[in-house]
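Inspection log for the structure reproduced underneath, given as structure tokens.
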Amino acid sequence: MTRERLLTLSKETLVALARREGLYVEEDLDFDGDDREEIIDQIMDALEEDRSERIAGNNSAMQAKGRKYDILLDEEIVSQETEEYLLPDHYNETRIVLLLRDPLWAYAYWDIQDVRLKSLCDEPYYEGLFLRVYEFSSAIPSKDHVIDYFDIPVKEEDDNWYISLPKPGGFFCVDLRGKSLHGETLLCRSNMIKSPLGYIAENQEDFFSHPDQMKVLLSGLWDFEGREDEHERIPQRVLQILDYQDLSIGN
2 MTRERLLTLS
12 KETLVALARR
22 EGLYVEEDLD
32 FDGDDREEII
42 DQIMDALEED
52 RSERIAGNNS
62 AMQAKGRKYD
72 ILLDEEIVSQ
82 ETEEYLLPDH
92 YNETRIVLLL
102 RDPLWAYAYW
112 DIQDVRLKSL
122 CDEPYYEGLF
132 LRVYEFSSAI
142 PSKDHVIDYF
152 DIPVKEEDDN
162 WYISLPKPGG
172 FFCVDLRGKS
182 LHGETLLCRS
192 NMIKSPLGYI
202 AENQEDFFSH
212 PDQMKVLLSG
222 LWDFEGREDE
232 HERIPQRVLQ
242 ILDYQDLSIG
252 N
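What follows is the structure in structure tokens.
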């Protein structure tokens, strides 16, 4: 801790540091004048005394502990001086995001613009909001690829939901919709996610005997699902990525 560093600290932090060093600090000190310099001098003297005692002890373990204390003290002061920025609970935009938690569970969070939510709620015979979870046969979100869907009613104050997926190994996305007497209103649609199959391969020995194939499966860059030949040649571009990242089993 240096004098220059102490000069940048606020009154509250200096008082807390002084009291931590066992110094008495009066409540009515003038920190815009000589009192600030005086309390900094006292803190510097107290810190130097602590260091001198550690050196006089000529104990390497205690000196190392003292250096660790100095570092922690600096970090604590920086933490006290750093302003806190709270994240808003509401960004006033209409969007929904879908995240995969595991093969059978997903997590959705969303936000609705205030004006749009009010307009929806003011519609005659407004019935509420709901999530529509789609399962697709591919990553293309079109009607031709829809396998099935189901709805989950949510409240206006809700902004997130855990979704139980019907099965692993599928493609899913979610709509946030409103419902009234006149029908359904699509507010926003999420990104597409793919759920892995989530089972243990029966031919594990075959995978371990092919290092490249095992690395690819662990990386998530390539899979063998639906391929007639599980040992189909892995694209060179994928192998180049693995080589560049120096990926290998056991690392």
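Its first residue numbered 2, the sequence shown is counted upward by one per residue in the numbering used here. Note that beta-carbon positions come from the ideal geometry of N, C-alpha and C, so glycine has one too.
Residue i - containing beta strand (DSSP E), residue span
i	result
Asp159	Segment: none, Asp159 is in no beta strand (DSSP E) and carries neither H nor E.
Ala107	106-112
Glu136	129-137
Leu101	96-103
Cβ distance (whole Å) where residue i is taken to contact residue j below 8 Å
i	j	result
Ala107	Leu118	The Cβ separation is near 23 Å, so there is no contact.
Glu157	Cys189	The Cβ separation is near 15 Å, so there is no contact.
Asp160	Arg133	Not really, about 17 Å apart at Cβ, beyond 8 Å.
Ile194	Leu48	With a Cβ gap of about 54 Å, Ile194 and Leu48 do not count as contacting.
Leu198	Pro169	5 Å
Straight-line gap, residue i to residue j (C-alpha atoms, nearest Å)
i	j	result
Glu22	Asp46	10 Å
Leu110	Ala19	For the sequence presented, residue 110 should be read as Tyr rather than Leu. Distance between the alpha carbons of Tyr110 and Ala19: 46 Å.
Asn192	Tyr127	27 Å
Pro104	Cys174	14 Å
Ala17	Leu88	28 Å
Gln81	His146	Only weak support is given to the placement of Gln81: the predicted model assigns it a pLDDT of 49, under 50, and the value that follows is read from those uncertain coordinates. Distance between the alpha carbons of Gln81 and His146: 55 Å.
Arg4	Gln43	11 Å
Gly184	Glu124	11 Å
Leu187	Leu130	10 Å
Pro142	Asp90	30 Å
Tyr150	Pro167	10 Å
Asp230	Ser165	Low local confidence applies: a pLDDT of 49 at Asp230 is under 50, so the model's placement there is unreliable, with the coordinate-based value given in what follows. Distance between the alpha carbons of Asp230 and Ser165: 32 Å.
Asp112	Lys180	17 Å
Ser120	Gln114	10 Å
Glu94	Leu15	42 Å
Leu7	Glu13	12 Å
Leu1	Val116	Outside the displayed span of the chain (2 to 252) sits residue 1, for which this structure offers no information.
Asp36	Ser11	13 Å
Asp152	Arg96	18 Å
Ala140	Leu182	33 Å
Ile40	Arg52	19 Å
Residues sharing a beta bridge with residue i, DSSP
i	result
Glu185	Lys180
Asp149	Glu136
Val26	Per DSSP, none; premise fails for Val26.
Pro197	Bridge partners of Pro197: none, in fact.
Pro154	Phe131
Ser165	Trp106
Start-to-end residues for the alpha helix (DSSP H) that takes in residue i
i	result
Glu13	12-21
Leu88	That residue, Leu88, is in no alpha helix (DSSP H); it is neither H nor E in DSSP.
Asp115	115-122
Leu8	4-8
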